[in-house]
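Residue numbers (this note's numbering), protein chains in the order written: chain A, 14 to 544; chain B, 1442 to 1662. Yeah, the Cβ is synthetic: ideal placement off N, Cα and C, and Gly gets one too. In this text the structure is predicted, and so the values were computed from the model without any measurement. Below: the structure, in structure tokens.
Right, dumping it as structure tokens:
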């Protein structure tokens, strides 16, 4: 890198050795370490998805055996959920931005932050090792008693990997909560915090309240496999449905771990590219907390067909519908923010439009699934697969990409090629819809998920879906080229290339090691675009 | 703001403004961690509650096999260790190095007494054939009693693991306290470790009645 042209020393130029990166306590460098690991796991998960889509191109299960297929979709789910979607925005963008946005020099516990990256990476590599030495065929949900008593795959090893990774989530959440409570700059009151920070606060609450429950649940499955305890084994008096309760108590809120930070990114981007303050700032802030709270009350909608009493099912159905309210508050408020704003259509904003569209489709089909009668019809079909891909992938990845583009000049101090960024955003949107919309239809027609062969009448929809996956892959590959290109040949980014508001734009690009040359004092409300 | 205060640079980390902020952050961090611990144990408590309600007789019968004297002794030992821990924190706040070390060591000793008693109990259970597995022997509803003992070993085992971690932390604290690292101005690690130790005690305060005492009144033995 060209140090002579660098006008000031920054966190990137602060040491070049491998040691200065692997032992860093700087939240910005740790964010980049995460960026590296998270991207690697994304490529891996995408690779599994590619083989799955190829297999489903023809009705006969001809590419891989059913056993291999089970292992493939399990690893796709495990890698994508635990090692990509959950950590992507909080660990990469959150790590980098939360301290800067509130005017702190670092997260409250820098060493713990580094530890959580090591736990994440080690847990991920451990899981990969379990994959190479046999894989898992249970599906990412590890439903008992199959996972605890019958499966002949590496369930225990993968559980250990996820367990280790869980500590990483807990430590990240803990770090954010303490940082947001105790490290805000003078004048940075709670209601002057960017909505990105609010979203991460709500996400962190889920991290610390949900993750321990799945940790102990997976520990019980592991103990059951090794010691035959019988907690989930009906033969020994145990109850497999108990596993589902404990599992979904975390794993439903985990969906909000993926979507809440995405909503935080969306709020920042909508304000910046509409040149307006967020409409109903307090409502958007509190809707994050409301989603986090409701998220813990809806796990039972995963069990409408698992011996749940009709009254519990009704209660969980009602509560699931309620999540639509704070979600809609956000969407309406983003729309109201854009109304009469001077909107510019740069790449990050294109991702926001894509995000809102996909999130709307995913959210509305979520209402279908919260309705018991419809849910019973489409349980374990591709309708569900399409729904959660729209929410989790369409939500989390679109905004991860949008956020990455928005803050790229801040993170690396380089500008990327805007034209190709726009092309990539559109390609991803088109590819995504082509991949997953046919799955709603084929699922509604009755194609079950997790089968490697299917009746010929479903083939047309599967061909469309696989074609879409190809387009999507091209769309995801493009940023790898123009973003990397920008690092070497890109123009130097000014402090505030978008003319956006927020403390992160007041420091230099890339920021100095301690984030600010002079400690910031906040004197104005957030998103003060009016003046 | 920085540079004018007299905080010792060795204990004030660079990203905090002053020791007060640093202490508050550490304390809040430990409280949040303890919340995660509550939920971690919460999964086991939920499982215990479900099966206790499903198989009340078998669970009552099985719980009568636990040694109430040993369990009671351990409860007293742990409460004692919480007292010595509180004294250690107080000594640290007073900057009394010798009492700090003394009470930390006492806490560790009591913790080890607890683990010793626990291992005696475990060995009894092995001898009586009450460990879940192929050699499980139980007169009555053996299948569901085995479920009780599964939960007993997982819950007390996880608790014991927390005790071992706690004793490790105490050992490190003792070394630093001996070297005079903690003064009346800086004693954050002792404080937050104290919180952890009290939490582990409280978990036992719930485990003891749930596992040993419930349904004790109609007991035959």
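- Task: Report, in whole angstroms, the separation of the C-beta atoms of residue 484 of chain A and residue 439 of chain A, which I expect to be a contact under 8 angstroms.
- Result: Residue numbering aside, residue 484 of chain A sits at position 471 when the first chain is read from its first letter. Residue numbering aside, residue 439 of chain A sits at position 426 when the first chain is read from its first letter. The C-beta distance from residue 484 of chain A to residue 439 of chain A rounds to 10 angstroms, too long to meet the 8 angstroms contact threshold.
- Compare the C-beta of residue 1453 of chain B with all C-beta atoms of chain A and state if any pair is closer than 8 angstroms. Start at 1 with the first residue of the second chain, and residue 1453 of chain B comes out as number 12. Not closer than 8 angstroms to any Cβ of chain A, the Cβ of residue 1453 of chain B fails to qualify, so no.
- Under 7 angstroms (Cβ pairs) to chain B, residues found in the segment 255-266 of chain A: 255, 259
- Would you kindly work out how many angstroms separate the C-alpha atoms of residue 157 of chain A and residue 150 of chain A, rounded to a whole number? Your numbering for residue 157 of chain A matches position 144 in the first chain. Your numbering for residue 150 of chain A matches position 137 in the first chain. Taking the straight line from one Cα to the other gives about 12 angstroms.
- Would the segment 1460-1468 of chain B and the segment 175-186 of chain A be scored as touching if the rule is three or more Cβ pairs under 8 angstroms? no
- Comparing the C-beta of residue 24 of chain A with each C-beta of chain B, is any distance below 8 angstroms? Counted from its first residue, the first chain places residue 24 of chain A at position 11. No, because no Cβ of chain B sits closer than 8 angstroms to the Cβ of residue 24 of chain A.
- Task: Could you give the DSSP three-state label for residue 505 of chain A: helix, strand or coil?
- Result: By 1-based counting over the first chain, the position of residue 505 of chain A is 492. Three-state DSSP puts residue 505 of chain A in a strand.
- Query: From A:127, A:352, A:211, pick the residue whose C-alpha is nearest to that of residue 194 of chain A; which is it?
  - Reply: Along the first chain, one-based indexing puts residue 194 of chain A at 181. Of the listed residues, the one whose Cα sits closest to residue 194 of chain A is A:211.
- Message: Contact criterion: CB-CB distance below 8 angstroms. Does residue 1496 of chain B meet it with respect to chain A?
- Response: In the second chain, counting from the first residue as 1, residue 1496 of chain B sits at position 55. Output row for residue 1496 of chain B: interface = yes.
- Task: Using the DSSP secondary-structure output, state which residues sit across from residue 394 of chain A in a beta bridge.
- Result: Residue numbering aside, residue 394 of chain A sits at position 381 when the first chain is read from its first letter. DSSP lists A:461 as partners of residue 394 of chain A.
- Query: So, do the segment 247-267 of chain A and the segment 383-390 of chain A have three or more beta carbon pairs nearer to each other than 8 angstroms?
  - Reply: no
- Task: Please state whether DSSP places residue 208 of chain A in a helix, a strand or coil.
- Result: Along the first chain, read from residue 1 onward, the residue named residue 208 of chain A stands at position 195. Of the three classes helix, strand and coil, the one that applies to residue 208 of chain A here is helix, per DSSP.
- Query: Under the DSSP definition of a beta bridge, which residues are partnered with residue 428 of chain A?
  - Reply: The sequence position of residue 428 of chain A within the first chain is 415, counting from 1. DSSP lists A:504 as partners of residue 428 of chain A.
- How about residue 230 of chain A: is its C-beta nearer than 8 angstroms to some C-beta of chain B? If you number the first chain from 1, residue 230 of chain A lands on position 217. Output row for residue 230 of chain A: interface = yes.
- At 7 angstroms on the CB atoms, spell out the chain A contacts of residue 1591 of chain B, in chain order. Against the second chain, residue 1591 of chain B aligns to sequence position 150. Those are 242, 243, 244, listed as they occur along chain A.
- Query: For the segment 1544-1551 of chain B against the segment 1523-1536 of chain B, are there 3 or more C-beta pairs whose distance is under 8 angstroms?
  - Reply: yes
- Task: Give the DSSP-derived three-state secondary structure of residue 100 of chain A in the structure shown.
- Result: Position 87 of the first chain holds residue 100 of chain A. Note: residue 100 of chain A maps to helix in three-state DSSP.
- Determine the DSSP secondary structure at residue 526 of chain A, reduced to helix, strand or coil. Locating residue 526 of chain A in the first chain gives position 513, counting from the first residue. Residue 526 of chain A: coil per DSSP, three-state reduction.
- Query: What does a CB cutoff of less than 7 angstroms around residue 105 of chain A pick up in its chain, not counting 5 residues either side in sequence?
  - Reply: Residue numbering aside, residue 105 of chain A sits at position 92 when the first chain is read from its first letter. Counting only Cβ-Cβ distances below 7 angstroms, and skipping sequence neighbours, we find 44, 47, 48, 51.
- residue 501 of chain A, buried or exposed, once every other Cβ within 10 Å from all chains shown has been counted against 16: Counting from one through the first chain, the residue named residue 501 of chain A turns up at place 488. Residue 501 of chain A should be labelled exposed.
- Query: Is any beta-carbon of chain A found at less than 8 angstroms from that of residue 1534 of chain B?
  - Reply: Here residue 1534 of chain B is taken as the residue at index 93 of the second chain, counted from 1. No, residue 1534 of chain B does not count as interfacial toward chain A.
- Using a Cβ-Cβ cut-off of 8 angstroms, state whether residue 1487 of chain B counts as contacting chain A. The residue given as residue 1487 of chain B occupies position 46 in the second chain. It does; some Cβ of chain A falls within 8 angstroms.
- May I have the straight-line CA-CA distance separating residue 1556 of chain B from residue 1604 of chain B, to the nearest angstrom? Here residue 1556 of chain B corresponds to residue number 115 of the second chain, with the count starting at 1. Here residue 1604 of chain B corresponds to residue number 163 of the second chain, with the count starting at 1. The alpha-carbon atoms of residue 1556 of chain B and residue 1604 of chain B are separated by roughly 8 angstroms.
- Query: Thinking just about the alpha-carbon of each residue, which of B:1464, B:1459, B:1473, B:1479 is nearest to the one in residue 226 of chain A?
  - Reply: To locate residue 226 of chain A, count along the first chain from 1; it is residue 213. The candidate whose alpha carbon is nearest that of residue 226 of chain A is B:1479.
- With residue 456 of chain A and residue 407 of chain A assumed to form a contact (beta carbons below 8 angstroms), what rounded beta-carbon distance in angstroms separates them? For the purposes of this step, residue 456 of chain A is identified with residue 443 of the first chain, where counting begins at 1. For the purposes of this step, residue 407 of chain A is identified with residue 394 of the first chain, where counting begins at 1. Rounded, the Cβ-Cβ distance is 16 angstroms, inconsistent with contact.
- Task: Consult DSSP for residue 197 of chain A and reduce its assignment to one of helix, strand or coil.
- Result: Your numbering for residue 197 of chain A matches position 184 in the first chain. The answer is coil: DSSP assigns residue 197 of chain A none of H, G, I, E or B.
- Does the segment 220-236 of chain A come close enough to the segment 126-141 of chain A that 3 or more CB-CB pairs lie under 8 angstroms? no
- Item | Assumed close pair residue 1518 of chain B, residue 1475 of chain B - CB separation to whole angstroms, cut-off 8 angstroms | Along the second chain, read from residue 1 onward, the residue named residue 1518 of chain B stands at position 77. Along the second chain, read from residue 1 onward, the residue named residue 1475 of chain B stands at position 34. Taking a contact as a CB-CB distance under 8 angstroms, the pair residue 1518 of chain B and residue 1475 of chain B does not count as one, their CB atoms being some 22 angstroms apart.
- Message: One question on the structure: do residue 526 of chain A and residue 508 of chain A come within less than 8 angstroms of each other, judged by their Cβ atoms?
- Response: By one-based count along the first chain, residue 526 of chain A stands at place 513. By one-based count along the first chain, residue 508 of chain A stands at place 495. Cβ distance not < 8 angstroms, so residue 526 of chain A and residue 508 of chain A don't count as in contact.
- Message: If distances are taken between C-alpha atoms only, which option among A:449, A:424, A:421, A:422 comes closest to residue 401 of chain A?
- Response: Within the first chain, numbered from 1, the residue matching residue 401 of chain A stands at position 388. Minimum Cα distance to residue 401 of chain A is reached at A:449.
- Task: Starting from the C-beta of residue 460 of chain A, find all residues in its chain whose C-beta is less than 7 angstroms away, skip the five residues before and the five after it, and write them out in chain order.
- Result: In the first chain, residue 460 of chain A corresponds to position 447, counting from 1. Hits under 7 angstroms: 394, 395, 467, 471.
- Task: Give a yes or no on whether the minimum CB-CB distance between residue 4 of chain A and chain B is below 8 angstroms.
- Result: Examination of residue 4 of chain A is not possible in this model, given that chain A is present from 14 through 544 alone.
- Query: What are the start and end residues of the alpha helix (DSSP H) that includes residue 1477 of chain B?
  - Reply: Looking up residue 1477 of chain B in the second chain gives position 36. Where residue 1477 of chain B is concerned, the enclosing alpha helix (DSSP H) stretches over 1460-1495.
- Item | is_contact[residue 1506 of chain B, chain A] using C-beta, thresh 8 angstroms | By 1-based counting over the second chain, the position of residue 1506 of chain B is 65. Answer no: the Cβ-Cβ gap between residue 1506 of chain B and chain A never drops below 8 angstroms.
- Roughly how many angstroms lie between the CA atoms of residue 305 of chain A and residue 267 of chain A, to the nearest whole one? Numbered from 1 along the first chain, position 292 holds the residue referred to as residue 305 of chain A. Numbered from 1 along the first chain, position 254 holds the residue referred to as residue 267 of chain A. Rounded to the nearest angstrom, the two C-alpha atoms are 10 angstroms apart.
- Quick one: which unbroken alpha helix (DSSP H) runs of 4-plus residues sit fully inside the segment 137-208 of chain A? Chain order, please. 168-195
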